[in-house]
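Report on the following structure.
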Amino acid sequence: MIDADTTWQQACTALAGGDFETAFGVLDSALEEAMPAKARPRQPAQPTAARLCLYLGSLHALYGDAATEQLGTALSEARTLNPAATHDPLYLALNAELEARTRGPEAAPPTEAAREAADPVARFHALCALALAEQPQAALDIHLATGDLPPHLRWRLRSWQADCQEQLGHTEDAIHLYAEAAHLAGGLDRAVMLQEQAALLIQDGQPEVAKTVLDSARLLYGNKQAARANPAQAEDEGLNLATWHYLRAQALLQMDLPEAAFEMIGEADRLERLHGTPGYVVALLRGQILSHLGQQEKAIAAFEAALQLAEEGDRPYANHELGVALLDMDRPVEARDRLEIALNEPNYPYQPEVLADIAECDYRLGRMPEAQLAAEQALAQGAVIPASLVLGSVALDYFQLDEALEHYERVVREAAPDSRDWIIGHQMAADVMAQQGFPNPAAAVAHAQQALAHTHESDDWHGTLQDLLTRAQTLLGQQDGRMLN
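Per the working numbering, the sequence shown starts with residue -3, numbered consecutively.
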């Protein structure tokens, strides 16, 4: 006599070690034994066989979008074997997950019976369904502790919860949950969770911490001998390793190490081509790195390649990057064309920055009113730094020195210290103060000193700043002398 729950425990033991093949074998063998004989026409309900089908469905669901057909088949077989299975909380949760995978936010949410089921596996799949249907808070509201679940679902629970926190914009919470997921996972799964954590750390502006996390992930990858023994696993590992190199390149670029980043993105591209197909994000990052290296022609080629590889939702990112690269090459007409395409995508999250870049194009084309209008719109929408730089340039051209100084001082306040924009803000503020006749020499000295500390001697700005500093210090000394007298 087959017992479905005992069989499930046996399968979970295999799954705890990542052995999906054995787990499927255990469930398939039990299902074959529990199934009614084919020859008999009218069979009574087979609850044990139906339950085993649901457990198989739970396994298929872990493969995501790639196994929606298999999940649908498992649910259909469960219904056929036992019509009452449609009231089982696990069936309801799996069916809701299938709906969410195929219909997204339009899918009906899992029922209360699934969300509050005594069976923790049912609650797990209900949580997955809500996360997939873009209802992250509802998913997080499901009461489910890792200890309630079989080991193979514990790290996955934390991963789904991290995804939900990320959807809600709670980056720090998501980072901690991915760290927990990594702790609960093993082998390559742990490496993937560490990489998810690193990706959020990079997004959060913590590249050094991300690099440390990636160092830990790299140790979990196997050797070439193991890869030859299991080609399927080698392909998965190769693609995940490509992602590792991509993330490493991102972290290094954020740490202002573009040469090292370029080596990493080259290896990411090689692994991606070896184990899969070239990807949009790798081409896009290659272009960004080349831009930082000052190789704008090659950067444009990389961005154009990214545009060819991009899906519809990703194309605005590539067009935006391409526009900026063309602008850096002083090709404002072509740049503006690309930026207009990105601006016309209503769901593109960086529209204020695109507006600021369009304003820069108009400024370089001598279209001052258009540049000022676009920059003011960009400033109002939150692109404070790039918009302020354009507005400062326009004000200078109109010889509105007080207004120009206001814009450049805003850049200094808002930009990250030591960043390129922060340095430009100090340079321009010092220059404007010189044109004003140094009404506040102490402030001019401060701006010039900050700018000089970050300006190479070979830069044309270095001599200008040194001269400004000397003049401002002389005036400051004269003021001090008058005060002493």
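Backbone N, C-alpha and C fix where the C-beta goes; we use that ideal spot for every residue, glycine too.
Note that the structure is predicted; figures quoted are calculated from it, not measured.
| Asked | Found |
| --- | --- |
| Span of the alpha helix (DSSP H), counted from its first residue to its last, around E453 | First-last for E453: undefined, no H or E at that position. |
| Anticipated Cβ contact below 8 Å, A245 with L281, distance rounded | 6 Å |
| Span separating the alpha-carbon of Q474 from that of A257 | 50 Å |
| Reduced DSSP category for N78 - H, G, I as helix; E, B as strand; rest coil | coil |
| Burial state of T239 (16 or more Cβ within 10 Å) | buried |
| Closest residue to R111 among G100, E102, R99, L126 (Cα-Cα distance) | L126 |
| Touch test, the stretch 268 to 278 against the stretch 247 to 257, Cβ-Cβ under 8 Å, three pairs minimum | no |
| Inter-residue CB distance, L323 and A314 (contact presumed, cutoff 8 Å) | The pair is not a contact, with the Cβ atoms about 15 Å apart (cut-off 8 Å). |
| Status (buried if at least 16 other CB within 10 Å, exposed otherwise) for A170 | buried |
| Contact check, D417 vs L387, beta carbons under 8 Å | no |
| Inter-residue Cα distance where the pair is N91 and T98 | 11 Å |
| Three-state secondary structure (DSSP) of Q396 | coil |
| Own chain, CB closer than 6 Å to A158, minus 5 neighbours either side, in chain order | A170, L173, Y174 |
| Expected contact under 8 Å - CB spacing of V188 and L145 to nearest Å | That belief does not hold up - the Cβ atoms of V188 and L145 are roughly 19 Å apart, past 8 Å. |
| Where F434 falls: helix, strand or coil (DSSP) | coil |
| Environment of M429 [buried if 16+ CB atoms lie within 10 Å] | buried |
| Alpha-carbon to alpha-carbon, D15 and T142 | 20 Å |
| Burial state of G100 (16 or more Cβ within 10 Å) | exposed |
| Buried versus exposed, by CB contacts within 10 Å (16 or more), R38 | Unreliable placement is indicated for R38, whose pLDDT of 47 sits below 50; the coordinate value is still reported in the next sentence. The residue in question, R38, is exposed, as its Cβ has fewer than 16 Cβ neighbours within 10 Å. |
| Residues of its chain near G68, where Cβ-Cβ distance is below 7 Å and the 5 sequence neighbours each way are ignored | L94 |
| Sequence-distant residues of its chain with Cβ nearer than 6 Å to M31 (five each side left out) | A45 |
| Buried/exposed call for S454, threshold 16 Cβ in 10 Å | exposed |
| Secondary structure of L324, DSSP reduced to three states | The question names Leu, but residue 324 in the sequence shown is Asp. Helix at D324. |
| Reference V277, options A298, G319, W156, closest by Cα | A298 |
| Nearest residue (CA-CA) to W151, options C160, P132, G182 | G182 |
| Euclidean distance between Cα positions of Q163 and C124 | 13 Å |
| C-beta contact flag for A426 and L472 at 8 Å | no |
| Status (buried if at least 16 other CB within 10 Å, exposed otherwise) for A133 | The sequence as given places Gln at residue 133; Ala does not occur at that position. Under this definition Q133 is an exposed residue. |
| Sequence-distant residues of its chain with Cβ nearer than 7 Å to A367 (five each side left out) | A355, D358, Y359, V386, V390 |
| Straight-line gap, A449 to M364 (C-alpha atoms, nearest Å) | 33 Å |
| CB of A27 within 8 Å of CB of A7, strictly | For the sequence presented, residue 27 should be read as Leu rather than Ala. No. Outside cutoff. |
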